[in-house]
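The structure under discussion appears below in the form of structure tokens.
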Amino acid sequence: MAEAPRWYQTTAIDYPNSRPHIGTAFEKLGADVQARYRRQEGYQVFFLMGNDENTVKVAKKAAEVGQDPKAYCDEMARQFRAIWDALDISYDAFVQTSDERHKQCCRKFIQKVYDNGYIYKANYEGWYCNGCEEFKTEKAIQEAGGVCPNHKTPPVRRSEECYYFKLSAFQDRLLQYYEDNPDFIQPESRRNEILSLIQNDGLHDINITRTGEEWGIRVPFDERFTIYVWFDALLTYVTGVGYGDDADAFAKWWPADTHFIGKDITRFHCALWPAMCLAAGIEPPRKVFGHGFVYLKGEKISKTLGNIVEPMEIITQFNADAFRYYFLRECPFPGDGDFSWERFEQLYNADLANNLGNLYSRVMTLVGKNYLGRLQETAGREPGVIYTDVDLETTVRQVQAHVEACQYNQALQKIWAQVLDPANQYAERKEPWKLVKSDRAATAGVLCDLVEQLRAAAILLKPFLPRTAETIYKSFNFPQPWEEVRYEDVWSRARQTEELRVTAALEDGKVKPLFPRIA
RNA sequence: CGCGGCGUGGAGCAGUGGUAGCUCGCCAGGCUCAUAACCUGGAGAUCAGUGGUUCAAAUCCACUCGUCGCAACCA
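For the first sequence, counting from 1, position 36 maps to 35 in numbering that gives the first Met the number 0; every step adds exactly one.
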């Protein structure tokens, strides 16, 4: 038997100097849909997430709240994971870069790059601000009128030893790699950005070490230095799957199939990271997907503007699936989106309560009231065609193509337009509530068709709204176990083997609404 | 000319080469199984502007205007 294809994906790792906001969650959601989809379609999936902890900012923040940095990071990681869990993000592992294992593997990687001759010692000279305790770029100083933009004090000229990574040595190989792998950078607009960047400005060697920091990872070949945070952060993608201490796992999962990242860090992932891989003698990742940002009524989400919306606030006021639906449907993953409570309520009522939820309720009630939950003589019945112009197989293939291209909003749009809307229209046309008075057998057939649509919707929604999809599916005695259901079963396994039955709990012939309408 | 995004009916958005689509709102009607939900029809857009490519452009190219973001530790 051929082994199942494997699928390794990651999200960007987050800075734990503040809690995640809805924009951070947007990335995890997009990645989660992909992971769930691949899993259900038979891939062996490894989905990695994590926190980026070895930064000066984190150490400062920990000092501010009077905590040991490691304790602070562990507590923040706990909070992050609590949110991801509440959103049903199905990650398989969570890396904290301050964990000893990551540090050791990271040291092995940088040592390897050093041994391969891509790291050299040199002097870094620049403007240093004693207040910030860091170097400022020429430009930042200039724009601030010759002083530090934060402290408004003149910087001093300072020179110090450091280690450089020979990024420039990989320019041609990277350009070749982009050409050989046209899909490496997604979406296309991001690719153009990187290409023009490299072709116009070229790649320069970068300083990958820092001095004077207690918090961070020591450079193995010179313990006076710590590793530049980006160099260390990107390495989670390999240390998370066994680089340095589990050769079998690493051989199995690397290279990554997709790194999901925000559009702002495309450069690190498309230039620096594959160059690091080449320098260490491993394959570069197969794809980098730079998703868009979520804005708040057009404004950027930021702490200084004080407009952060806590994911938990939405989850507790509504639920995880409503949260997932909003961002997946409203915000195109490759582009930017917008959040507002008004729009959230609007979409929730229109699509989830009035459409999906209400369809479920009316079907359940019709079967419950008129047939006591059992549709006799429906065993082996082929579902009727309720569409006028599109068939389910086509719909499934379209949705599949959209999911694979990370066009989640379009996938959901299709499901509503081609599965749910036709079902409501079909009910209207057949009027089972009237028909049942004259022809019970025919009505059972109509209801069977409607249930079949709910089944199709449940399967198609499985990666998007895992809980709701399961609730709908398990409300009936469909022969196939929910855990095994995949997209093609929508049309290839439509036949019901025994008579159709409602298995959900009913009270007075009614079910609990999936999404209670909000006023 | 640093780079990039965006500009589509009253509002908010999708669509990116082939009769302009969705949600909300508005008007009229139907239904009453359903979460005052559902269905049908209607009003309303020279798809920012100009020029070009094409049998055909909201969709590709050039320029203009408006707007927002990024510029190497803010997803």
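For glycine and all other residues, C-beta sits at the position ideal for the given N, C-alpha and C.
In this structure, Asn122 lies near Ser158, with their beta-carbon atoms less than 8 Å apart. Contact annotation, Cys105 with Leu234: C-beta distance approximately 5 Å; criterion of less than 8 Å satisfied. A direct Cα-to-Cα measurement between Ser474 and Ile207 gives close to 56 Å. For the pair Glu222 and Gln110, the Cα-to-Cα distance works out to about 12 Å. Per the C-alpha coordinates, the member of Val418, Cys447 and Lys413 positioned closest to Lys429 is Cys447. Taking 8 Å as the cut-off, the Cβ atoms of Val94 and Gly239 count as close.
Beta-bridge analysis with DSSP links Ala121 to Cys161. Per the C-alpha coordinates, the member of Ala3, Arg80, Tyr36 and Ile21 positioned closest to Ala404 is Tyr36. Counting along the chain, the unbroken beta strand (DSSP E) around Asn50 starts and ends at Gln43 to Asn50. Nearest Cα to Ile205 within the set Arg285, Ala168 and Asp256: Ala168.
Taking a 10 Å sphere around the C-beta of Lys102, we find 16 or more other C-beta atoms and assign the residue as buried. In this structure, the CA atom of Ser195 is about 10 Å from the CA atom of Arg189.
Going by beta carbons, Val402 and Ala410 fall inside the 8 Å limit.
Pro283 has its alpha-carbon roughly 9 Å from the corresponding atom of Trp253. Within its own chain, the residues whose Cβ lies closer than 7 Å to the Cβ of Tyr42, once the five positions on either side in sequence are excluded, are Ala3, Pro4, Arg5 and Trp6, listed in chain order.
As the crow flies, the alpha-carbon of Lys135 is around 56 Å from that of Trp481.
The beta-carbon separation of Tyr162 and Lys120, rounded to 6 Å, stays under the 8 Å limit for a contact. Within its own chain, the residues whose Cβ lies closer than 6 Å to the Cβ of Trp272, once the five positions on either side in sequence are excluded, are Leu233, listed in chain order. Closest in alpha carbon position to Leu391, among Ala416, Ala246 and Arg380, is Ala416. A direct Cα-Cα distance of roughly 15 Å separates Asp245 from Glu99. Pairwise C-beta distances place the stretch 330 to 349 out of contact with the stretch 487 to 499, as fewer than three of them are shorter than 8 Å.
In terms of Cβ geometry, Ala422 and Gln399 do not form a close pair [threshold 8 Å]. In this model, Val362 and Ala30 are separated by some 33 Å (Cα to Cα).
Counting only residues of its own chain and dropping the five nearest sequence neighbours on each side, Val287 has a CB closer than 6 Å to the CB of Ile184, His258, His268 and Cys269. The DSSP-derived three-state label of Val287 is strand.
Counting only runs that start and end inside the stretch 227 to 270, the beta strand (DSSP E) elements of at least 3 residues fall at 257 to 261. Just measuring C-alpha positions, the residue of Asp320, Asn476 and Ala426 sitting nearest Leu374 is Asn476.
In the structure shown, the three-state DSSP call for Asp507 is coil.
In this structure, the beta-carbon distance from Leu327 to Val308 does not fall below 8 Å.
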